[in-house]
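Structure follows, in structure tokens:
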């Protein structure tokens, strides 16, 4: 079996959320797995000199319209959340804490967190909300709240983020497919085709 | 017949060039025309607070790779030009001068200018190069060189650019389809689908 596709995303990224609802199906068509890697995109944005688009003139109005239009096309439940953007450190750490406890449970938790924020409008910047979401998937609330304060878990998120930046990964969603980088949910057709053809 | 699709682009935009090689065919499938509107995207970028991507850390290397990969996929001849980016005022004015003289000749000239820069590496920021390209399409060199200095032609480009910004148009390529805005060559599948379905 070939290497998994790496899927980097930030929990505050609408396009990352849209991608999360489709990337596993694309990979599965080609017999591939997907490794989900939540990270702190803000660290990469400092390096690239990027600013969030939603509050910028013209760009902000367009991007909100585009996000909603894309969600409708993909038939993914989407409600532009408030507040936005949010700090995602608790959500990220929760996923890595879960991954250590049970590797198979990490992805469903990440999916549940993304949906809590972008479909249900729950503020996943708050550790209590993250714990509630995790509890619904069977995790212990208190264990999780303690876990996301563990030095090893904090360190793990830092490592993933720094490693991403070192490898030239800077956006959300961002896919690495056999060493080839693809940025944006609008590159998922290309990811599909790259897996089909081996590249062009 | 319905209104034409408006295609806004900057002559220094690689993704605008890629779009220019495909948008007419998409429109034609739906019995629609395309109005080509070269404009000075830099004016819009001042409003949105955007900076060119190619010289920014990580983003620059990725975007060059993505442009070349997209061109290969679309089978469009593409060689990343040097110098880049360039001033496009002469090329823009030439198109509007040509449009006034012969409306049907403006689009072929725009296409020839785009190819001169992105396929053949000719520096279309220079009026002399613009005149050479126009001459190959049958325009008089001297008439063109005088034409792009005419106050009415200068004014026309200002109007198109200011009007674009007023309408919330800020990128390249940028399409207006029956009042619906689409930004990026990666939204052309959506333009196609929008024309097919009337929207979603």
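Chains as they are written, first to last, in the numbering used here: chain A, 2 to 201; chain B, 2 to 201.
Backbone N, C-alpha and C fix where the C-beta goes; we use that ideal spot for every residue, glycine too.
This structure is a prediction, so every number in the text was calculated from the model and none was measured.
Same chain, Cβ closer than 6 Å to residue i, five either side skipped, listed in chain order
i                     : result
residue 1 (chain B)   : The shown model of chain B, from 2 to 201, leaves out residue 1 (chain B), and the question about it has no answer.
residue 45 (chain B)  : 166, 171
residue 107 (chain A) : 96, 99, 100
residue 49 (chain B)  : 171
residue 93 (chain B)  : 39, 158
residue 42 (chain B)  : 11, 173
residue 184 (chain A) : 172, 175
residue 115 (chain B) : 18, 21
residue 1 (chain B)   : Residue 1 (chain B) is absent from the structure shown; chain B starts at 2 and stops at 201.
Own chain, CB closer than 7 Å to residue i, minus 5 neighbours either side, in chain order
i                     : result
residue 5 (chain A)   : 33, 34, 35, 36
residue 25 (chain A)  : 35
residue 54 (chain B)  : 60, 61, 64
residue 161 (chain A) : 38, 40
residue 88 (chain A)  : 126
Per DSSP, the bridge partner or partners of residue i
i                     : result
residue 36 (chain A)  : A:7
residue 83 (chain A)  : Residue 83 (chain A) is not bridged to any residue.
residue 177 (chain B) : B:7, B:182
Between the CA atoms of residue j and residue i - distance to the nearest angstrom
i                     : j                     : result
residue 127 (chain A) : residue 86 (chain A)  : 13 Å
residue 14 (chain B)  : residue 118 (chain A) : 36 Å
residue 40 (chain B)  : residue 156 (chain B) : 12 Å
residue 110 (chain A) : residue 179 (chain A) : 26 Å
residue 7 (chain A)   : residue 176 (chain A) : 6 Å
residue 145 (chain A) : residue 135 (chain A) : 8 Å
residue 10 (chain A)  : residue 120 (chain B) : 35 Å
residue 154 (chain A) : residue 90 (chain A)  : 11 Å
residue 29 (chain A)  : residue 182 (chain B) : 33 Å
residue 3 (chain A)   : residue 140 (chain A) : 31 Å
residue 149 (chain A) : residue 31 (chain A)  : 35 Å
residue 66 (chain B)  : residue 163 (chain B) : 32 Å
residue 198 (chain A) : residue 72 (chain B)  : 16 Å
residue 125 (chain B) : residue 137 (chain B) : 14 Å
residue 76 (chain A)  : residue 102 (chain B) : 48 Å
residue 113 (chain A) : residue 104 (chain A) : 15 Å
residue 200 (chain B) : residue 132 (chain A) : 40 Å
residue 168 (chain A) : residue 56 (chain A)  : 29 Å
8 Å CB neighbourhood of residue i in its chain, flanking five on each side removed
i                     : result
residue 27 (chain B)  : 189, 192, 193, 196
residue 69 (chain A)  : 79, 81
residue 151 (chain A) : 98
residue 122 (chain A) : 80, 82, 83
Where in the segment 13 to 76 of chain A do unbroken runs of the beta strand (DSSP E), each at least 3 residues long, occur, reported from the N-terminal end onward? 35 to 39
Could you please tell me which residues of the segment 159 to 172 of chain B, in chain order, have their CB closer than 7 Å to any CB of chain A? 169, 171
Any C-beta of chain B within less than 9 Å: which residues of the segment 57 to 74 of chain A qualify? 57, 58, 59, 60, 61, 62, 63, 64, 66, 67, 70, 71, 73, 74
Quick one: which residues of the segment 26 to 51 of chain B get their C-beta closer than 8 Å to a C-beta of chain A? List them in chain order. 45, 48, 49, 50, 51
Quick one: complete beta strand (DSSP E) runs, 3+ long, within the segment 140 to 180 of chain B? 175 to 178
Taking a cut of 7 Å between CB atoms, which residues from the segment 76 to 105 of chain A lie near chain B? none
Check each residue of the segment 173 to 184 of chain B: if its Cβ is closer than 7 Å to any Cβ of chain A, include it; give the result in chain order. 182, 184
Closer than 9 Å between beta carbons: that is the criterion. Which residues of the segment 120 to 144 of chain A meet it against chain B? none
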